[in-house]
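Engineer: Take this structure first; my questions come after.
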Amino acid sequence: MAFPDDVLADEEELVLHLRPHWKAAVAPVLVLLLTLAGFILAWVMLPETEGGRIGLLMVATIMLWYAVRNGVTPLVAWRCTHYVLTDERILVQQGVLTRERRDLPLNRVNDHSLAQSLLDRILGSGTLTVDSIGEQSAKLAGVPAAQQVQTLLYELIERAPADDEDEEEEAVEEPAPRRRLFRN
Numbered sequence: 073m074a075f076p077d078d079v080l081a082d083e084e085e086l087v088l089h090l091r092p093h094w095k096a097a098v099a100p101v102l103v104l105l106l107t108l109a110g111f112i113l114a115w116v117m118l119p120e121t122e123g124g125r126i127g128l129l130m131v132a133t134i135m136l137w138y139a140v141r142n143g144v145t146p147l148v149a150w151r152c153t154h155y156v157l158t159d160e161r162i163l164v165q166q167g168v169l170t171r172e173r174r175d176l177p178l179n180r181v182n183d184h185s186l187a188q189s190l191l192d193r194i195l196g197s198g199t200l201t202v203d204s205i206g207e208q209s210a211k212l213a214g215v216p217a218a219q220q221v222q223t224l225l226y227e228l229i230e231r232a233p234a235d236d237e238d239e240e241e242e243a244v245e246e247p248a249p250r251r252r253l254f255r256n
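Per this note's numbering, the sequence shown starts with residue 73, numbered consecutively.
This is the structure in structure tokens:
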């Protein structure tokens with residue numbers, strides 16, 4: 073599924089649109105291939121009798137259930153997960169039938185960290201955790217080119233206007249209190 077552009081505000085620019093790393097799709101594809109191989113093996117090996125047909129039907133039912141549960145569902149979930157960076161916020165959208173979207177304004181981000189396993193380092197992916205003001209956080213699992221994304225996120229945060237910038241301009245600076253020196 074493509075990310076809908078109507079989610080963005082009028083003046084908001086899309087900087088980066090990602091899906092989780094392709095490594096998340098490897099296991100579901102292998103499950104689908106193995107279930108297909110299991111079904112073909114059962115079709116070839118079971119006799120062409122009434123009992124063989126019942127056995128094949130049972131194997132097909134089990135294989136279909138297993139393929140949908142462990143192959144198709146994770147594959148569709150991977151395809152429907154979006155990590156979007158704009159010049160104003162971070163959007164994390166996921167879900168197939170029910171959709172969940174989390175928005176984190178860049179000017180409220182306190183910290184962002186990157187965790188990579190050995191396989192993640194080899195493939196260039198990682199888990200990016202973004203913490204913001206108010207105990208909100210977002211975990212972007214399996215981000216491709218994770219180090220470059222973290223650097224880009226840092227640059228976007230530095231360019232994002234702060235919420236209290238306008239208040240600082242309006243505030244009148246009070247002079248510092250004078251120190252009195254006492255001599256005895």
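Don't be surprised by glycine CBs; every beta carbon is placed ideally from N, CA and C.
Output the distance between the C-alpha atoms of I140 and H93, rounded to the nearest integer angstrom.
Structural biologist: Counting from 1 along the sequence shown, the entry for residue 140 is found at position 68. Counting from 1 along the sequence shown, the entry for residue 93 is found at position 21. Note that residue 140 is Val in the sequence shown, not Ile. V140 and H93: Cα-Cα distance of roughly 21 angstroms.
Engineer: Helix, strand or coil, according to DSSP, for P146 in the structure here?
Structural biologist: Taking the first residue of the sequence shown as 1, we reach residue 146 at position 74. Note: P146 maps to helix in three-state DSSP.
Engineer: Along the chain, where does the alpha helix (DSSP H) that runs through V103 open and close?
Structural biologist: Looking up residue 103 in the sequence shown gives position 31. That run of the alpha helix (DSSP H) goes 95-117.
Engineer: Run through the region 141-203 for me and flag every whole alpha helix (DSSP H) of 4 or more residues, listed as ranges in chain order.
Structural biologist: Qualifying alpha helix (DSSP H) stretches, in chain order: 145-151, 190-195.
Engineer: Indicate whether V164 and R174 have their beta-carbon atoms separated by less than 8 angstroms.
Structural biologist: By one-based count along the sequence shown, residue 164 stands at place 92. By one-based count along the sequence shown, residue 174 stands at place 102. Yes, the Cβ-Cβ distance between V164 and R174 is below 8 angstroms.
Engineer: State the start and end residues of the unbroken beta strand (DSSP E) segment that holds A68.
Structural biologist: What the structure shows of the chain is the stretch from 73 to 256, and residue 68 is not part of that stretch, so it cannot be assessed.
Engineer: With a threshold of 8 angstroms, are at least 3 pairs of Cβ atoms found where one atom belongs to the region 128-142 and the other to the region 96-113?
Structural biologist: Flag = yes, the region 128-142 and the region 96-113 touch.
Engineer: I think L186 touches Q220, with their Cβ atoms under 8 angstroms apart; what is that distance to the nearest whole Å?
Structural biologist: Translated into positions along the sequence shown, residue 186 becomes position 114. Translated into positions along the sequence shown, residue 220 becomes position 148. Incorrect: roughly 11 angstroms between the Cβ atoms, too far for contact.
Engineer: How far does the alpha helix (DSSP H) with L128 in it extend, from its first residue to its last?
Structural biologist: As a working note, residue 128 is residue 56 in the sequence shown. Here the alpha helix (DSSP H) through L128 covers 122-139.
Engineer: To the nearest angstrom, report how far apart L105 and E84 are at their CA atoms.
Structural biologist: Counting from 1 along the sequence shown, the entry for residue 105 is found at position 33. Counting from 1 along the sequence shown, the entry for residue 84 is found at position 12. Taking the straight line from one Cα to the other gives about 42 angstroms.
Engineer: From what residue to what residue does the alpha helix (DSSP H) around L225 run?
Structural biologist: One-based indexing of the sequence shown puts residue 225 at position 153. Unbroken alpha helix (DSSP H) run through L225: 218-231.
Engineer: Under 8 angstroms, Cβ to Cβ, is there at least one residue of chain B near S197?
Structural biologist: Here there is only one protein chain, and chain B is not present.
Engineer: Tell me which residue opens and which closes the beta strand (DSSP E) that V87 is part of.
Structural biologist: For this step, residue 87 is matched to residue 15 along the sequence shown. Where V87 is concerned, the enclosing beta strand (DSSP E) stretches over 86-90.
Engineer: In terms of alpha-carbon separation, which member of L178, V103, Q166 lies closest to V202?
Structural biologist: By 1-based counting over the sequence shown, the position of residue 202 is 130. Cα-wise, what sits closest to V202 is L178.
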